[in-house]
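Every number in the working numbering is 13 more than the matching position in the sequence shown, counting from 1.
Even for Gly, the Cβ is constructed at its ideal location relative to N, Cα and C.
None of these values were measured; they are calculated from a predicted model.
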Amino acid sequence: MVKPDGRRQLALVLLCTAVFLDSMDLSLMGVALPAIGRDLSLSEGTLQWLVSGYAVTYGGFLLLGGRLADLFGRRRMFLVSLAVFAAASLVGGLLSEGWLLVITRVVKGLAAALTAPAALSLITTTFTESSQRNRALGVYALAGATGYSGGLIASGLLTEVSWRLVFFLPVPIALLVLIVAPMALPEGGRPDRAGRKFDAAGAVAVTAGVLSLVYALAETSWPAGVAAAVLLAGFVLVERRQRSPLVPLRLFRSRTVSGANLAALAWACATIGWQFAAVLYLQQVRGYGALETGLGIVPMGVAIMVTANFVGRLIGRWGLGRTAAVGMLVQAAGILLFLRAGTDAGYAGVLLPALVVHGVGNGLSFPSLNIAAVSALPDDQQGLASGLITSAVQIGAGIGVAVLASLMAATAPGIDGYRVAFLTAGCFSLVGAALAHFGLRVHTRDAEAPAPA
């Protein structure tokens, strides 16, 4: 028998492993993209959708995922969606057609959209005391940051052997969680059977709208841009008229909710867009192999993990808004330092300082934004809160990659295109810093600092 406290700690480990997988899968494609493109003769446009297809589907359906977790049972949604995630990972590693690979990434994005809010809401309802909850949220944010940086590193190591291993890697980890989870995870409260209604029209409108927006940005398509505007406007109209809306629009009257989600969107545009451009720069301009690229990014991952581990102390001293804003400014500095990179830039003198500074900023801002977003809503809306913030990150990732890929394609080939991409990513981070500073200045009732992990 597992003691109650031991069971809660085991549950936290399992739930954090799931978010580790979701975050890792966002970055896992990064270093592998050139190898996949060479092996399967795929264009950069198709390669971009291996990232954006996952991120946008993930972000678009997260809102529905958070609602379904609240209505149908958090543990049930967690287990079913994680099983689908593992199956799609396995199938993806066996395919050799570019469009089929994109489909598996879309399916994985949908599965992750159901897994992530269920996992986060299980944490926030399992750890009910403020100090315990914030410690658990700190560990959760650290797992996400570690997964993102770990995916970049693992991608390089695995691609050196075969890019197919990048698809297979999540399978055994997910299966292990599925075996242990039924013994450790709480039921997560009884679902509201009387109110089992969900806003399918809203989910379709927002997901189709975001997909159209990313396509418009990636392909410079005005018709797709118009379609995106119509669909997103339709989403707002649907939400205003629904009795059980996917996203109650009144939530955005809260400065904390609006500020945290908008800043998170800008954060992802900056850091995930930067990742897409930086990996291509290292391999196509500097001539790094997959293994060299993965190992070269290790210092950034270390900086993220170290910083995220003590960020709670800074939140306690500075508050969420200042910590997040400073983190975004430091992240912007790290990204903009890549403007020094050229065709013969040295690693120790040019690239390493930029990676470390970027990692420190990343480790400061990401946990702060997550804590601010979920602490502003009550327990019965934790699935929605977690869905909103993770959705903002994933949608931002899709938009950031699409914008930077489009700018690189429109600019003269060579280092100039990469510099435009790095400058744009840095500007995204500066916008995020302003949003965090002005949007998160008011402390919410539960926004105390998480204890160090």
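Open item on the list: Once DSSP output is grouped into helix, strand and coil, what is the label at THR306?
Closed with: helix
Task: GLN407 and ALA68 closer than 9 Å at C-beta - done: yes
- [ ] Could you tell me whether the Cβ atoms of LEU333 and ALA385 are closer together than 9 Å?
- [x] yes
Open item on the list: Can you tell me where the alpha helix (DSSP H) holding GLY79 begins and where it ends?
Closed with: 57-85
Task: Bounding residues of the alpha helix (DSSP H) (the contiguous stretch that carries PHE181) - done: 177-181
Open item on the list: Using the three-state DSSP reduction, which class does VAL26 fall into: helix, strand or coil?
Closed with: helix
- [ ] Kindly indicate which three-state DSSP category GLN297 falls into: helix, strand or coil?
- [x] helix
TODO: Taking only the alpha-carbon atoms, compute the straight-line gap between PHE289 and TRP280 and give it to the nearest angstrom.
DONE: 14 Å
TODO: Compute the Euclidean distance between the alpha carbons of ALA207 and GLY86, then round it to the nearest angstrom.
DONE: Note that ALA207 scores a pLDDT of 45, beneath 50, so its modelled location is shaky and nothing firm can be said.
Task: Exposure of TRP62, with buried meaning 16 or more beta-carbon neighbours within 10 Å - done: buried
TODO: State the Cα-Cα distance for the pair LEU41 and LEU113, rounded to the nearest angstrom.
DONE: 18 Å
TODO: Evaluate contact between the stretch 98-105 and the stretch 170-186, counting only Cβ atoms and requiring at least three cross-stretch pairs below 8 Å.
DONE: yes
Open item on the list: Given this structure, state the Cα-to-Cα distance separating LEU155 from PRO380, to the nearest angstrom.
Closed with: 7 Å
- [ ] Just tell me which of ALA283, ALA276 and THR172 has its CA closest to the CA of LEU453.
- [x] ALA276
TODO: Spatial neighbours of LEU262 within its chain, please: CB distance less than 8 Å, with the 5 preceding and 5 following residues excluded, ordered by chain position.
DONE: VAL249, GLU252 and ARG253
TODO: Identify which residue in LEU342, LEU198 and VAL44 has its Cα closest to the Cα of THR138.
DONE: LEU198
Task: Buried or exposed (CB count within 10 angstroms, at least 16 for buried), PRO236 - done: exposed
Task: Cα-Cα separation between ARG39 and GLY347, rounded to whole angstroms - done: Checking the sequence, you will find Leu at residue 39 rather than Arg. LEU39 and GLY347: Cα-Cα distance of roughly 21 Å.
Open item on the list: For ALA423, count the other beta carbons within 10 Å of its own beta carbon; 16 or more makes it buried, fewer makes it exposed. Which is it?
Closed with: exposed
- [ ] Kindly list the residues whose CB is nearer than 6 Å to the CB of LEU382, restricted to its own chain and excluding five residues on each side of it in sequence; keep chain order.
- [x] ALA273, ALA276, ALA277 and ALA337
Open item on the list: Between which residues of its own chain and ALA241 is the CB-CB distance below 7 Å, once the five residues before and five after are set aside?
Closed with: GLY222, SER225, LEU226 and ALA229
TODO: Verify whether the separation of the beta carbon atoms of TYR431 and PHE351 is less than 9 Å.
DONE: yes
Task: Member of GLY160, ALA446 and ARG256 whose CA lies at the smallest distance from the CA of ALA321 - done: GLY160
Task: Outcome for PRO195 when other beta-carbon atoms lying within 10 angstroms are tallied against a minimum of 16 - done: exposed
Task: Enclosing alpha helix (DSSP H) for GLY362 [first to last residue] - done: Here GLY362 belongs to no alpha helix (DSSP H), and DSSP marks it neither H nor E.
- [ ] Assign THR70 to buried or exposed, taking buried as 16 or more other Cβ atoms, counted over all protein chains shown, within 10 Å of its Cβ.
- [x] buried
TODO: Leaving out five residues on either side along the sequence, give the residues of the same chain with a beta carbon under 6 Å from the beta carbon of ASP35.
DONE: ALA125 and ALA129
TODO: Give the range of the alpha helix (DSSP H) segment to which ALA231 is assigned.
DONE: 213-232
- [ ] For the alpha helix (DSSP H) holding GLU173, just list the boundary residues, first then last.
- [x] Looking at the DSSP string, GLU173 is not in any alpha helix (DSSP H), and its letter there is neither H nor E.
TODO: Please confirm if the stretch 74-89 is in contact with the stretch 291-300, defined as three or more CB-CB distances below 8 Å between the two stretches.
DONE: no
Task: Inter-residue spacing [alpha-carbon to alpha-carbon] between ALA446 and LEU377 - done: 12 Å
Task: Alpha-carbon spacing of TRP176 relative to PRO47, whole angstroms - done: 10 Å
TODO: With a 10 Å radius around its C-beta and 16 neighbouring C-beta atoms as the bar for buried, classify ARG146 as buried or exposed.
DONE: buried
- [ ] Below 8 Å on the Cβ atoms is my guess for ALA216 versus PHE33; work out the distance and round it to an integer in Å.
- [x] With a Cβ gap of about 26 Å, ALA216 and PHE33 do not count as contacting.
Open item on the list: Assuming contact is defined by CB atoms lying nearer than 9 Å, are THR284 and GLN296 in contact in what I supplied?
Closed with: no
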